[in-house]
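Student:
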Amino acid sequence: MSVSTSAGTTPSVAASAGSAISLRGLSKHFGEVKAVDGVDLDIADGEFFSMLGPSGSGKTTVLRLIAGFEQATEGTIHLAGEDVTRRAPFDRDVNTVFQDYALFPHMSVLDNVAYGLRVRGVKKGPRRQQAEEALATVQLAHLGSRRPGQLSGGQRQRVALARSIVVRPKVLLLDEPLGALDLKLREQMQVELKQLQRDLGITFVFVTHDQEEALTLSDRVAVFSEGKIVQLGTPQEIYEQPASEYVASFVGTSNLFDGPTSARLLGRDGTHALRPEKISLRPAGSTASDDGTIRVEGVILESIYLGTGHRIHVRLNDGTQIVVLEQSTGGKADEQRGERIVACWSPDDLVPLT
Ligand code: ATP
């Protein structure tokens, strides 16, 4: 059977046998909209995999295709080596956690968690025991008799997770599961999610538009744009070697030097990215060392206190504006608005972009 390939990628090959999930030439069109456009992807067993991208880039649709809530327009989906492309959602060994939790309000927390087991015909005794174990895993053993309405947002989120893991899926699909939580709870749940995934050895496919969340949790990240994967790699690769201007500006903050600016400032051809934390500022007139460091004079436009450091906006002498991130060293920032400085960075930290 032939499968479609997107331009510029290598031809699709057979689904990878050792993968938890294999997508080949996967497309989903809604009328004129190509929500997913020729995605080839292998996700390994036990991997924490994130799909990252702006709103409308196709992440959720890929997840819904894997779960079976949408039918592919083209391409194939294999789970643990089996072709499930045309199978119904209940006939796929995956479970999904949505942002809105979807708990049953009239049932106790324990009954909510046990629900999937009841549907599968598990008897009352073992059902209760397994549900209690799953609740203990998310540290909510003591709240089994409450109703969902009597829990905090973070607790409800954990109940939703317990309900998904109790049926021991091989693959857990998570669609922005922490989106509704405040920052502190979100950070706490991130740690718990990561531990849970490690302990249970379940393959996690995590959809988020929060780049920091994707980078801190994942083994690998796929960056989406317009239904396509534009970069696939470890968090470090995505952050330190962004393949394009799009990835460099979507994942973290980057200073982007276009062609003419690169030629003028760096003596190089093509566009380059430079992370703000790779730049250091020295007082104007400080002596240059002989280690190949690039030095460009400029003036400080603004210094913003961040708690952990300062974000400093600098206008270089040629008019180019850059952002510099300085970690706090405990004392107050030396730089003041209007002060003349020299911005310094290593040529090795410049990332050429295509
Ligand atoms: P978000 O972060 O906002 O959830 P996303 O990256 O998950 O975005 P998708 O929800 O996959 O993006 O949507 C991809 C594209 O497909 C969007 O242009 C969206 O409007 C469109 N789309 C998604 N579902 C449907 C549908 N049922 N009918 C028509 N168009 C749809």
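If you're matching positions, the sequence shown starts at 116 in this note's numbering and goes up one per residue. Glycine included, every Cβ here is placed at the ideal spot set by N, Cα and C. Note that this is a predicted model, so its numbers are computed, not measured.
Could you tell me if the beta carbon of A378 falls within a distance shorter than 6 Å of some heavy atom in the ligand ATP?
Tutor: It does not: the Cβ of A378 is nowhere closer than 6 Å to a heavy atom of the ligand ATP.
Student: Is any heavy atom in the ligand ATP found nearer than 6 Å to the beta carbon of T176?
Tutor: Flag set: Cβ of T176 near the ligand ATP.
Student: On a CA-only basis, which of A203, H387, Q245 is nearest S364? Give me that one, please.
Tutor: Residue H387 is the option with its Cα nearest to S364.
Student: On the DSSP bridge list, what partners appear for F164?
Tutor: According to DSSP, F164 bridges with V320, R335.
Student: Expressed to the nearest angstrom, what Euclidean distance is found between the alpha-carbon atoms of V457 and I419?
Tutor: Distance between the alpha carbons of V457 and I419: 18 Å.
Student: Figure out for me which residue from L180, S134, I158 has the closest Cα to the Cα of F145.
Tutor: Out of L180, S134, I158, L180 has the C-alpha closest to the C-alpha of F145.
Student: Buried or exposed: which applies to R202, given that a residue is buried once 16 or more other Cβ atoms fall within 10 Å of its Cβ?
Tutor: That one is exposed.
Student: Tell me whether G145, by its Cβ, gets closer than 6 Å to a heavy atom of the ligand ATP.
Tutor: Position check: residue 145 holds Phe in this sequence, whereas Gly was assumed. Yes, Cβ of F145 sits closer than 6 Å to a heavy atom of the ligand ATP.
Student: Touching or not, the stretch 238 to 254 and the stretch 324 to 335, by the rule of three or more beta carbon pairs under 8 Å?
Tutor: With a cut-off of 8 Å, the stretch 324 to 335 and the stretch 238 to 254 do not count as touching, because too few Cβ pairs lie within range.
Student: For the alpha helix (DSSP H) containing T252, list its first residue and its last residue.
Tutor: Start and end: 239 to 252.
Student: For S279, which residues of its own chain have a beta-carbon under 7 Å away from its beta-carbon, when the five flanking residues on both sides are left out?
Tutor: Excluding sequence neighbours, S279 sits near N210, V212, L287.
Student: What would DSSP say about D314, mapped onto helix, strand or coil?
Tutor: Helix at D314.
Student: Going by C-alpha to C-alpha distance, which of R262, T191, Q254 sits closest to L218?
Tutor: Taking only the C-alpha atoms, the option nearest L218 is R262.
Student: Which residues share a DSSP beta bridge with I353?
Tutor: BP columns for I353 are empty, so no partner.
Student: Check S137 in the structure and name its three-state DSSP category.
Tutor: Here S137 sits in strand by DSSP.
Student: For E417, tell me which candidate among G407, D406, R410, E441 has the shortest Cα-Cα distance.
Tutor: If we check each option's Cα against that of E417, E441 comes out closest.
Student: If contacts are defined as beta-carbon pairs under 8 Å, then Y361 and V336 qualify, I think. What distance do you get, rounded to the angstrom?
Tutor: 14 Å between Cβ atoms; not a contact.
Student: Report the three-state DSSP secondary structure of T125 (helix, strand or coil).
Tutor: Reliability fails at T125, whose pLDDT of 40 lies under 50, so the model's placement of it is uncertain and the value that follows must be treated cautiously. Three-state DSSP puts T125 in coil, outside helix and strand.
Student: Here's a check: name, in chain order, each residue in its chain whose Cβ is nearer than 7 Å to the Cβ of I158, leaving out the five neighbours to either side.
Tutor: Here the set comprises S134, A135, I136, F164, T318, V320.
Student: Does the distance between the C-beta of G173 and the nearest non-hydrogen atom of the ligand ATP fall short of 6 Å?
Tutor: True, at least one ligand heavy atom lies under 6 Å from that Cβ.
Student: So what's V228 in DSSP terms, helix, strand or just coil?
Tutor: Of the three classes helix, strand and coil, the one that applies to V228 here is helix, per DSSP.
Student: Can you tell me whether E197 is buried or exposed, with buried defined as 16 or more other CB within 10 angstroms of its CB?
Tutor: Exposed.
Student: Rounding to the nearest angstrom, what Cα-Cα distance links A122 and D384 in this structure?
Tutor: Its pLDDT being 38, under 50, A122 is placed unreliably in this model, and the value from its coordinates should be taken loosely. Spanning the two alpha carbons is a distance of roughly 26 Å.
Student: What residues in its chain sit with their C-beta under 7 Å from that of T368, if we drop five residues either side in the sequence?
Tutor: P391, V438.
Student: Evaluate contact between the stretch 347 to 360 and the stretch 298 to 317, counting only Cβ atoms and requiring at least three cross-stretch pairs below 8 Å.
Tutor: No, the stretch 347 to 360 is not in contact with the stretch 298 to 317.
Student: Who are the Cβ neighbours of Q451 in its own chain at under 6 Å, not counting the five residues just before and after it?
Tutor: Hits under 6 Å: none found.
Student: Which residue spans inside the stretch 431 to 465 form an unbroken beta strand (DSSP E) run of at least 3?
Tutor: Here the runs fully enclosed are 436 to 442, 455 to 460.
Student: Taking 6 Å as the cut-off, is the beta-carbon of S170 closer than that to any non-hydrogen atom of the ligand ATP?
Tutor: The answer is yes for S170.
Student: Using a threshold of 6 Å, is the CB atom of H221 nearer than that to any non-hydrogen atom of the ligand FMN?
Tutor: This structure does not include the ligand FMN; its bound ligands are the ligand ATP.
Student: Any heavy atom of the ligand ATP within a distance shorter than 6 Å of the CB on A150?
Tutor: Checking every heavy atom of the ligand ATP against the Cβ of A150, one is found closer than 6 Å.
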